[in-house]
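Remarks on the structure that follows.
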Amino acid sequence: MDLTGKAALVTGGASGIGAAAVRRLAAAGAVVAVADRDEAGARALAEEVGGLALPGDASEPDTMTMAVDVAEDAFGRLNIVLLNAGVTAGQSGVETLDLAAYRRIMGVNVDHVVYGLTAAVPALRRAGGGNIVVTASLAGLAPLPGDALYTLTKHAVVGYVRAVGPTLAPEGIRVNAVCPGFADTPLIAHVKPKFADFPLLAPEDVVAAIESILERGEPGECWFVQPGREPAPYAFQGVPGPKGGTLPPTGVSWAEPLTH
């Protein structure tokens, strides 16, 4: 992968999959902005790769707009945006609900993706096109029993990517999701002993799939990543959209407000 002359922004970039992605993009020749709530971690990694640190909470409405603006201003362009920040729920969301924790997972896993994409699109247009890759999960393709709220957020992200992909494709902006299984990242650190006999992905495995998406992904595809299998686009069966049948006719939309 040769990204010489390209500029990238990675959210959740200070650790785990995000940090591995920052290093891979930088090694391929891109200049990279590392966005993360962990200011010290973002600054350390940005210094390591000769990039830019952008500390902030991605779930806040203005953070992504500011991150995109600062990165584009610093680099003169923006070509690749990896919306990777994510958290777990810390609760089942079935019998009881911690409202603050619920708002937190929705804010990071869903809102940040919407904020990030809408902020990035104008910058990518100015660059003549580019790529947006969202870190979803296998839980966005199939339910994860025992973690209904995490499943909820990742299903939302997968649906969003599949809808947005064909919308932006004519402008040369390709939107995809990467859907890894359990990976050895800080996200599972609190339960890692339970995975003693379970194969885990390395962050680099997920980043290799992201590289494949950047090189040959099609608009709206959601690529699964599992141990022992080659990453590939998930084939949705019997439903409209990318890799799963035809889309509604052009011009059919529910985006306009309706009254009853």
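Numbering (the UniProt record's numbering), first residue to last: 1 to 260.
C-beta atoms are modelled at their ideal positions from N, C-alpha and C, and glycine is treated no differently.
- Below 8 Å, enough C-beta pairs join the segment 170 to 184 and the segment 220 to 234 to call them touching: three or more.
- Annotation: the segment 198 to 232 contains the following complete segments of the alpha helix (DSSP H) (minimum length 4 residues), in chain order: 203 to 216.
- A distance below 8 Å separates the beta carbons of ASN84 and ALA21.
- Counting only runs of at least 4 residues, the segment 81 to 148 fully encloses the following alpha helix (DSSP H) elements, listed from N- to C-terminal order: 99 to 106 and 112 to 126.
- If you draw a straight line from the Cα of VAL133 to the Cα of GLY146, it is about 27 Å long.
- The alpha carbon of GLY13 has as its nearest neighbour, out of ALA142, GLU48 and GLY29, the alpha carbon of GLU48.
- Take the alpha-carbon of VAL108 and the one of PRO143: they are about 19 Å apart.
- Distances from the CA of GLY76 to each of GLU95, GLY86 and LEU52 were compared; the closest alpha carbon is that of LEU52.
- DSSP lists no beta-bridge partner residue for ALA14.
- As the crow flies, the alpha-carbon of SER212 is around 25 Å from that of THR151.
- Ranked by Cα distance from ASP38, the first of THR11, GLY140, ALA100 and ALA28 is THR11.
- LEU54 places its beta carbon less than 8 Å from that of ALA42.
- Of all alpha-carbon atoms in GLU95, PHE182, LEU201 and ALA74, the one lying nearest the alpha-carbon of VAL34 is that of ALA74.
- Beta bridge pairing from DSSP links ARG174 with ASN131.
- The C-alpha of ALA40 is placed about 17 Å away from the C-alpha of LEU9.
- Of the residues assessed, THR4 falls on the exposed side of the cut-off, its CB having fewer than 16 other CB atoms within 10 angstroms.
- For GLY86, the number of other beta carbons within 10 angstroms of its own is at least 16, and it is reported as buried.
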